[in-house]
Amino acid sequence: MMKSMKYESSKVPYSSHYIRLTRLCMAVIIFIGISISIFILFNVPKENLAQLAEKNQDPIFHLLLDRESQFEFFWDVHYETETVLMEIHSHVKPDDWLAVGFSDYGKIENADFCVFWVDEKGKTFFFDGWTNQKAILHVDKLQNCHLTNTSYFNNMRTLLWKRKFDTCEVDDYVIQEGTTHVVYAMGEGPLTSIEGIKLTQNKHGFQRTQLLKNKIPIPPLPEDVKTITLVNDKIRVPAIETTYWWSIHKIPPLSNKHHIVQYEAVIEPGNEGLVHHIILYHCEIPVTQQLNNYSGFGSSKLKMYYETCIRMLAGWNLGSSVSPFRYPKEAGAAIGGSNFSQYVKLEIHYNNEQLKNDLIDSSGIRLYYTSQLRPYDVGVLELGLEYTAKMGIPPLENEFILQGHCIPECTEKGIPPPGIVVFASQLHTHMTGIRVTTRHIRNGIEMALLNRDDHYSPHFQEIRILKAPIHVLPGDGLITSCTYNTSGRAQITMTGYSTTDEMCMNFIHYYPKVELEKCQSSIEISALENYFNFMKEFENQPTSNKKDVIANYHSINWNSQRSHMLRDFYAAAPLAMYCNQSNGQNDLDQLSESQQPFFHVPLDHGGKLELFWDVYYDTDTVVMEIHSQMRPDDWLAVGFSDYGEIENADLCVFWVDRKGKSHFMDTWTDEKSILHVDKHQNCHLAKMTYFDDVRILVWRREFDTCENDDYIIEEGTTHILYAMGEGPLPDIEGIKLNEKEHGFQRTQLLKNINPVPLLPKDAKTLTFLNDKVHVPASKTTYWCSLHKMPLLPNKHHIVQFEAVIQPGNEALVHHIELFHCEIPATQNMDDYNAACTHEYRPPHYETCRKVLVAWAMGAGPITYPKEAGAPIGGGNFSQFVMLEVHYVNPELKNDWVDSSGIQIHYTSQLRQYDAGILELGLDDTPKMAIPPLQNEFKLSGHCIPECTEKAIPATGIVVFASHLHTHSTGIRVTTRHIRNGIEMALLNGDDHYSDHFQENRILKTPTLVLPGDGLITSCTYNSLGRPNITVCGLSKTDEMCVNFIHYYPKIDLEVCKSSIDTKVLENFFRFMNKHENQPTSIENDVITNYRSINWNPQRILMLSDLYGRALLATHCNQSNGDSFPGYWRNMPQVKVLKRLPELPRECPINN
């Protein structure tokens, strides 16, 4: 038995002190080793992604995030670990913070970020963060941003980090196949914390790309490969945001067929953020035909190039791989041969968001081709929906799906037994598309998806090489589904060619090329006819087989139930198939070539200046033309300001220097009306001539140039300024415009250019004119004259009206209204022909208040929708009308004689609906008031849901026109549309309203108002010129806030307005007396009480707050003046639970 050994302490070979010392030494050695490793890790220069990209090892991808090249984004994809390695190069200060991440569609709200920041002690942090719906940044509880390297050198912050495709965290973005919206934000540091930063208040933006790029090895090029480089020749890129530039090129003659095996973009250094995409088209013309050289703007009006140069040879998009696009080694795109034209069209999309005018570009595309033919030619097959207008997307839908089928019966006929190999795909919709997929079905079993993009954007369409080629066999089916968001559209969107229509397509690239070129579907027309019959019979909709398809779709009152029915119908209906060979017609997106109307307004009152203009909503541009009687060296300025002031204005100025050289410049005036040249020039002169003492200038201007000193052209009233003087000049800088001849004119610049229905063949005309009126020598005159219409025993419909202006008096006549006199049909009225404000005007003329038609300067003919007309005539209809003409005579001339008036066109062919007029806004009562000396004070009138629920039928009413109205202190008017607490699109608004320019405006998009909807009409007033309070009422010195909306079908509701409840107002006056020592009393009338208050800022704020939350006295009146049954006192204001988000300006963030 062994015994344990015992040692005395003095005999131990290694004492405990020695062991402790040894362990301490080992720990020191390990610490030193780790320290040296860390030092080496962070101080020895390492290759970053950008350096690896330059070495052309594994594909490293690159993208500019902003237009100033301040942010460069590199990344690599590791599919084996489902990780993205990302690197950012940012030109920032060392303490600045930077956030880079992702969101669904580029929004800074509800985004997922990795954030670098520095605290006040100089310590750096890298956090996983997310933003809420208000763009406020929060730190994520779980951190999934893994920083691997950071450096700062030569004013550049470099960050290298990795991120899993799917972190499995709720607040983190899942990186998927398809389009990724990479978002960024930055700001100055150091910071105490990043928690709570509001990113919308800092520089931010986004860029689209395909983050999960294809990393399949690229086949080598053949040894005999040759290149063709097709580039623009030092193009001066226009200083506009978007330009499509076309140039015609001729490739070398190739007598035998060759194969394109690769192509790549050739981007001029420094222009990487300017060139958005490049497409090369082959011109399908006879080989003997010649094309003229062309280099300029792309346009559908250039028919030779637009209609023949249509076969896409190559395409590149911003964000595409830095590697060239290379075809599979088995196939190439065929060029050359005896019947192959040498002509190609190069299309380059320039994105010049900063509107620079000094950009020169010679970018283009390079083709690599070979005479060593590959086994297969590449083909392109169109899948999806055929673009005829037989299918539609209902309005106000967050998501609505349409599907196009390539049916097995077509692939059975069109694809040979070996099948085809799909290696690339380009998805395509128009502006409302948000998601696209193509499913692959074989014998009823779904295979792997052919392509998918859950965050699709029409602004980023590229040909994408599939990671795994798809083998499609004869008898396979292919279903292309597109999801659309029409929440911003009030009318149904049809499938079709126009950019305002929609498409759903997938261009698949495959080999070997077969004869099948189109495999698409639409709805069978007979099924569609049955659907319209059903809507008429069971849903009481005005559909008819006598109407065309578009008219039937537009006649349906779309609600959620009918939208759901349409979705179910599309899913079950039989299809019309398009299984076309390559000799079939080429169907392409086409722009309408119909002429748009030109508009005209005189600018001055002497007839020397006339402005013509046209509006292009597709490019958000106005083209303006001025005709000015002036000497050849005189200068002229034309532009805009908020309310016609020459101070703080935005002007385009033509002038001639002393050497005779002409200039056209973008300028602005300061608060002293001194002229300054703008740093950024946004007045784009297109034409300049001088003939017969008239200077003609034609120029274009974007609605929003994104420059701080430039005026934003908006909906509603525009005040157009002019100033002029003698030349030549040494310079225009410093001219004081209020010392020169100047003036302004009001008009609606952004006119409605929707197609106008034709007049019926039996239309008759009534003309109501003044009879040689001697216009008084005063600035403003309202002239009234009584007229009698012919007897119309039966009801007729007014379908159009327009002004009749005496030649030469275009600047004198400001607006015209025709009022119907609401008296018994048997009652007569005495003649009246005098100023409307004349003291001897008979009182009974107050019955002539119902507006029949109204016109304002700059307006053309007003045509009612083809579904409706304004009723006149019939047994109880009085024949008397009052013509009111507003004359503006600022020069106080005493020799004006005028016989202007208005003309109406009416028909006995009654339309489907009577048009009605409904008054919205504030009641004409002194219970509401505007305190004195206010720059801005807002009042709101409510049409409450309880009223529309009683008065509007279940199918609703369609509002097609609106006439806003205040008296002389009104400066802004809007009518908001609320449904179930959610704010819909604005019904009408005018941010530069003037009571001197009130017109009935046809809405660009009709608005459907349903029972239970609320309508809030708000008016903003400027009372700086008034020392006393202004109450609401009928007098010209009182105020009003009204919107006369024109709608159909006519219902019995005529007034839906409100004011503050009387008891609430009495309590306010009691409070003023008790707590503010004001001499108010419930014994006094309302006007006396208001005027007895000494209005200081605190009391004005109290009144505004009261109006914003008080209970209402509402008016829900029938056309006979009686209220609808119900209790209309002490009613709550219209609740707004979710406000309409403000549309962001599409501008570079640094602007």
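Mapping of the sequence shown onto the UniProt record's numbering: residues 1 to 1151, in sequence order.
No residue lacks a Cβ here, since even glycine has one placed at the ideal position from N, Cα and C.
Fair warning: this is a prediction, and the values are worked out from it, not measured in the lab.
For E891, count neighbouring C-beta atoms within 10 Å of its own C-beta (all shown protein chains included) and say buried if the count is 16 or more, exposed if not.
-> exposed
Whose C-alpha, out of G414, N271, H405, I194, is nearest the C-alpha of G364?
-> N271
Indicate the three-state DSSP secondary structure (helix, strand or coil) for F877 in the structure shown.
-> coil
Same chain, Cβ closer than 7 Å to N1067, neighbours up to 5 away in sequence not counted | none
Output yes or no for whether 7 Å exceeds the beta carbon distance between H719 and G644.
-> yes
What is the C-beta distance between H181 and F102, in whole angstroms, given that I count them as a contact (C-beta under 8 Å)?
-> 6 Å
Taking the CB atoms as reference points, tell me whether E846 and C784 lie closer together than 7 Å.
-> no
Which ranges does the alpha helix (DSSP H) cover as unbroken runs of at least 4 residues, wholly within the stretch 370 to 422, from first to last along the chain?
-> 408 to 414
Cα-Cα, which of E446, S908, E715 is closest to P760?
-> S908
In the DSSP assignment, what residue or residues form a beta bridge with G205?
-> Y184
Distance between beta carbons of A572 and I525, contact taken as under 8 Å | At roughly 16 Å, the Cβ-Cβ gap does not stay under 8 Å, so I525 and A572 are not in contact.
By a C-beta neighbour count over all protein chains shown, 10 Å radius and 16 as the cutoff for buried, is Y79 buried or exposed?
-> exposed
Distance, Cα to Cα, Y173 vs K164?
-> 10 Å
Rounded to whole angstroms, what's the CA-CA distance from N1028 to I1060? Just pull it up for me.
-> 20 Å
Can you tell me whether K751 is buried or exposed, with buried defined as 16 or more other CB within 10 angstroms of its CB?
-> buried
Helix, strand or coil for A99 per DSSP?
-> strand
With DSSP as the reference, label D453 as helix, strand or coil.
-> strand
Around the Cβ of L1137, are there at least 16 other Cβ atoms within 10 angstroms (buried) or fewer (exposed)?
-> exposed
Whole-angstrom C-beta distance between Y387 and M503, which should lie under 8 Å = 6 Å
Does DSSP classify T227 as helix, strand or coil?
-> strand
Assigned secondary structure, V990 (DSSP; H/G/I helix, E/B strand, else coil) = A quick correction: the sequence has Asp, not Val, at residue 990. Three-state result, D990: strand.
7 Å CB neighbourhood of H471 in its chain, flanking five on each side removed = G419, V421
Close Cβ partners of I957 (< 6 Å) along its chain, the five nearest in sequence each way excluded | V1009, Y1047
Please determine, among P1079, I982, F997, the residue with the shortest C-alpha to C-alpha distance to V1134.
-> I982
Could I get the ranges of all uninterrupted beta strand (DSSP E) runs contained in the stretch 232 to 258, with 3 residues as the minimum, in chain order?
-> 242 to 250
Cutoff 7 Å; reference N530; Cβ partners in own chain excluding five residues on either side | none
Go ahead and label C168 buried or exposed: buried means 16 or more other beta carbons lie within 10 angstroms of its beta carbon, across all protein chains shown.
-> exposed
So who's on the other strand from K518, going by DSSP bridges?
-> E382, N580
Put V92 into one of helix, strand or coil per three-state DSSP.
-> coil
Distance between H820 and A811 (C-alpha atoms, nearest Å) | 27 Å
If A985 and A490 are in contact, beta carbons under 8 Å, what's the gap, nearest whole angstrom?
-> 6 Å
To which residues does DSSP link C283 through a beta bridge?
-> C309
Nearest residue (CA-CA) to G725, options P328, A637, I646 | A637
Does the distance from the CB of D709 to the CB of D678 come in under 7 Å?
-> yes
Between which two residues does the alpha helix (DSSP H) containing P328 stretch?
-> Counting along the chain, P328 falls outside any alpha helix (DSSP H), and DSSP gives it neither H nor E.
Inspect the beta-carbon positions of S1045 and S962 and report whether they are closer than 7 Å.
-> For the record, residue 1045 in the displayed sequence is Ile; it is not Ser. Taking 7 Å as the Cβ cut-off, I1045 and S962 qualify as a contacting pair.
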